[in-house]
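Here is the structure we will look at, set down as structure tokens.
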Amino acid sequence: MPRFQQVTLCILYVRNARLFHALHLPAAWILDTHPHADHFSAAQYLKEKTGAPTAIGEQVVAVQRLWKDLYNWPEFAADGSQWDKLFVHGERFKLGALDVCVMFSPGHTLASITYVVGDAAFVHDTLFMPDGGTARADFPGGSAKALWASIQAILALPDDTRLFTGHDYQPGGREPRWESTVAQQKQANAHVVGLDEAAFVASREARDKTLSMPKLILHALQVNIRGGRLPEPESNGRRYLKVPLDALAGAAWAEEPA
Ligand SMILES: [Fe+2]
């Protein structure tokens with residue numbers, strides 16, 4: 003099997019667990035790029051199904067501290083112990099025969115990391131497809147300035163590096179896409195080309211002011227900062243989520259892209 007086909011199949015697993023099981027492939031790692039704001043992480047579910055270890059960037063601890071305060075959750079261990087491995091910037095590991103390098107790429111969140119696997123980079127919510135621009139940077143702990151620096155580091159990878167993005171909002175109603183190259187992004191990214199840092203930050207922050215919060219952010223973070231674990235059942239056997247009121251001052255709450 004070609005080397006990168008194996009990686010593609012690993013990604014497929016998240017999208018289609020049945021197909022993955024049908025192919026009888028072992029799972030080596032369950033790799034998070036950042037704590038997500040718009041859906042529950044499946045990391046713990048996948049670990050239970052596969053036995054593979056979970057990992058995320060070490061700065062997840064800063065995200066945990068931030069949300070621990072927002073949820074007023076004193077008993078929560080904000081130490082990253084909910085994952086098996088916390089990667090530091092520049093750390094390398096093997097994925098089968100492939101070499102993987104971890105790049106710290108904050109901005110969208112405090113903890114975001116990119117996985118560079120051979121000639122592919124899994125850039126999550128930094129750059130989207132060139133016509134989709136870039137990810138928002140206004141969640142608690144987000145920073146347009148940090149996002150700019152992270153994007154510059156990704157664009158410093160070789161031009162033919164294949165970039166796999168975390169979301170696609172299908173601008174103009176086109177078909178879904180998820181793969182571009184560094185060269186294509188340098189040539190055509192709608193939020194980056196022709197801008198310097200100051201202009202990008204101004205434009206990103208202005209755009210973010212027009213976006214509503216993902217409607218499930220307060221539900222999702224309390225699960226995702228626990229590595230994808232649901233709350234423990236209470237005495238009646240039911241699980242409960244905690245929803246702090248007015249936690250995100252000034253946020254609008256219609257359904258919008260994350
Ligand atoms: Fe995200």
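Each residue of the sequence shown is one higher than the last, beginning at 3 in my numbering. All C-beta atoms, glycine included, are put in the ideal place defined by N, C-alpha and C.
Secondary structure remark: continuous beta strand (DSSP E) runs of at least 3 residues inside the segment 105 to 157, in chain order: 115 to 119 and 122 to 126. Non-local beta-carbon contacts of Glu236 in its own chain, meaning distances under 8 Å to residues more than five positions away in sequence, involve Tyr242 in chain order. Contact between Thr116 and Val125 holds: their C-beta atoms lie close to 5 Å from each other, under 8 Å.
Within the DSSP bridge table, the entry for Gly59 names Phe89 as partners. Assignment of Val65 by DSSP, reduced to helix, strand and coil, places it in the helix class. The way I'd put it, the segment 63 to 82 doesn't touch the segment 96 to 104; fewer than three beta-carbon pairs between them come closer than 8 Å. Around the CB of Trp150, 16 or more other CB atoms lie within 10 Å, so the residue is classed as buried. For Val245, the three-state secondary structure derived from DSSP is coil. Judged by DSSP in its simplified three-state form, Ser182 adopts strand. In this chain, the alpha helix (DSSP H) harbouring Arg206 covers Glu199 to Asp210. Between the alpha carbons of Asp133 and Gln187 lies a distance of about 9 Å. Per the CB criterion, closer than 7 Å to any heavy atom of ligand 1, the qualifying residues run in chain order as His36, His38, Ala39, Asp40, His110, Thr111, His126, Asp127, Ala137, Gly168 and Ala260. Distance from Pro216 to Leu72 at the Cβ level is roughly 15 Å; contact not present, criterion being Cβ atoms closer than 8 Å. In the structure shown, Ile32 falls within a strand segment according to DSSP collapsed to helix, strand and coil.
Using a Cβ distance threshold of 9 Å, Asp127 and Leu213 do not count as a contacting pair. Under a 10 Å Cβ-count criterion, His41 is classified as exposed, with fewer than 16 other Cβ atoms of the shown protein chains found around its own Cβ. Taken through DSSP and simplified to helix, strand or coil, Lys217 comes out as coil. According to DSSP, residue pairing for Thr167 in a beta bridge involves His126. Residue Gln66 holds the alpha-carbon nearest to the alpha-carbon of Pro37 among Pro28, Gln66 and Pro55.
Assignment of Val194 by DSSP, reduced to helix, strand and coil, places it in the coil class. With respect to Ala122, Asp161 sits apart: the two C-beta atoms are not nearer than 9 Å.
Here Leu97 carries a strand assignment [DSSP, helix/strand/coil]. Two segments are said to touch when three or more pairs of C-beta atoms, one from each, lie closer than 8 Å; by this definition the segment 46 to 59 touches the segment 218 to 232. A residue is called buried when at least 16 other Cβ atoms come within 10 angstroms of its Cβ; Gln84 meets this threshold and is buried.
Separation of Thr35 and Ala137 (C-alpha to C-alpha, rounded to the nearest whole angstrom) is 14 Å.
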